[in-house]
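In the working numbering, the protein residues as written are 817 to 1271.
Positions of the beta carbon are idealized from the N, C-alpha and C atoms, including for glycine.
Just so we're clear, the structure is a prediction, and the values are computed from it rather than from any experiment.
Read through the structure below, which is laid out as structure tokens, and then see the notes.
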């Protein structure tokens, strides 16, 4: 089997379960990975649909020029369809878009016009206005206008929605997506809600965008509009493709949370995705924490590939310059390395006397001791808890450790983040255990976290 052109390869992208970033979430969270489209984003779907609808209605004629305002991905989708069908392309982008996106469009033979970001949509310098002006000035040109062109939404109603329904065998209960033009959110939501009216939809919005406030109040509040960095999500306008009745609720996410989740998806799930994908997953998981049940299945759409963000969210220097980068020692592995813990773990056998345990704790200057039996950790001793027991029963000092020990300290993975570690370490659970790649056991306390963060 082979395709007669690149456009026949659009769609039918895989649905993949998230397994690591979803720890603590009930139910299943699946992601629709749209970078498997030939142009590496879901915008291939709408590029094809808008062009074919324009051809059918006579808006686009042979030899014509396609002019569009885009964040880059729609341009790529339009460009590959235009190449297959013999059209020229001019794209306007705002200057917050990554250099990679602009370079890719130029590589596809398109002309790229860069416009300022921090201007009102109706300002003649905005990328919306420049695209409209060029459409008026250039003969035989077509302006798809992905924001208000309902072919955008129809593309997802006709393809993305049915694919999700088929791939989940109709078991999907929640659908979440970043909302920009509104096409992928609302087109897919419309199809899925027709199949299952009980299905819940979650729109992911960015701080600096108007969508969430408008959904909740019906007020277009210009005070909600301010510059932000995340690409491909949120807007300072209300596109016609956004049908608010199809979106049950909105969750807003910050640039930082979106960027960090994007990096986590690459490192923990093997999904090298774009910035708005991190936004979608972070927002979806925030919602899922309080709303998903064990039998629920949430699908989140991941719009594009990470290669277009190498100079931004995947660049440590850029992340540090914007205050986004996680601390260097952000995992259990890093805490251990920061403490240079290469010596054998200080522990005591369960058949030793309590007095011997106290002597070891005093000599080694430790407050917690793992209790072992052979090669297995079977319990724990904590100085404050042991003190209370000895006050109540002084003769315990001559008894065996196994008679007074508590439960073993909780074991955590090496890649457990410092945020999770700090949550797990409490007054009643003052230590955690980690087994490194060499099989050596280590203990981590709150003091270790503090020392690690000082490096």
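{"Query": "Mind checking who residue 1185 pairs with in its DSSP beta bridge?", "Result": "1197"}
{"Query": "Runs of 4 residues minimum, wholly inside the region 845-873: which ones carry the alpha helix (DSSP H) assignment?", "Result": "859-873"}
{"Query": "Output the residue ranges of the beta strand (DSSP E) runs that lie fully inside the region 1089-1128 and measure 3 residues or longer, sorted by chain position.", "Result": "1113-1118"}
{"Query": "Residue ranges of each beta strand (DSSP E) run of no fewer than 3 residues wholly in the region 915-989, ordered along the chain?", "Result": "927-931"}
{"Query": "Is the region 1070-1085 touching the region 1124-1135 in the sense that three or more CB pairs, one from each, lie closer than 8 Å?", "Result": "yes"}
{"Query": "Which residues does DSSP list as the beta-bridge partners of residue 828?", "Result": "Residue 828 is not bridged to any residue."}
{"Query": "Determine the contact status of residue 878 and residue 964, defining contact as a CB-CB distance below 8 Å.", "Result": "no"}
{"Query": "Could you give the residue range of the alpha helix (DSSP H) that holds residue 1150?", "Result": "1148-1154"}
{"Query": "Are residue 1124 and residue 917 closer than 8 Å when you measure CB to CB?", "Result": "yes"}
{"Query": "What is the DSSP secondary structure of residue 842, reduced to helix, strand or coil?", "Result": "coil"}
{"Query": "For a quick check, are the C-beta atoms of residue 1181 and residue 1198 less than 8 Å apart?", "Result": "no"}
{"Query": "Taking residue 775 as the reference, give the member of 946, 938, 873 with the closest Cα.", "Result": "Residue 775 is absent from the structure shown; the chain starts at 817 and stops at 1271."}
{"Query": "Which residues in the same chain as residue 850 place their Cβ atom closer than 7 Å to its Cβ, once the five residues preceding and following it in sequence are excluded?", "Result": "829, 857, 858, 1117, 1118, 1119, 1120"}
{"Query": "Tell me, which residues are paired with residue 1066 by DSSP?", "Result": "1019"}
{"Query": "Which two residues bound the contiguous alpha helix (DSSP H) that contains residue 1007?", "Result": "999-1011"}
{"Query": "How is the alpha helix (DSSP H) around residue 1027 delimited, first residue to last?", "Result": "1027-1033"}
{"Query": "I think residue 864 touches residue 897, with their Cβ atoms under 8 Å apart; what is that distance to the nearest whole Å?", "Result": "5 Å"}
{"Query": "Are the CB atoms of residue 1008 and residue 977 nearer to each other than 8 Å?", "Result": "yes"}
{"Query": "Are there 16 or more other CB atoms within 10 angstroms of the CB of residue 1214, so buried, or fewer, so exposed?", "Result": "exposed"}
{"Query": "Counting only the same chain and skipping the five closest in sequence on each side, list residues whose C-beta sits under 6 Å from that of residue 910.", "Result": "931, 933, 943"}
{"Query": "Return the residue from the list 1102, 1071, 1113 that minimises the CA-CA distance to residue 1134.", "Result": "1071"}
{"Query": "Using the Cβ count rule (16 or more neighbours within 10 Å means buried), how would you classify residue 1260?", "Result": "buried"}
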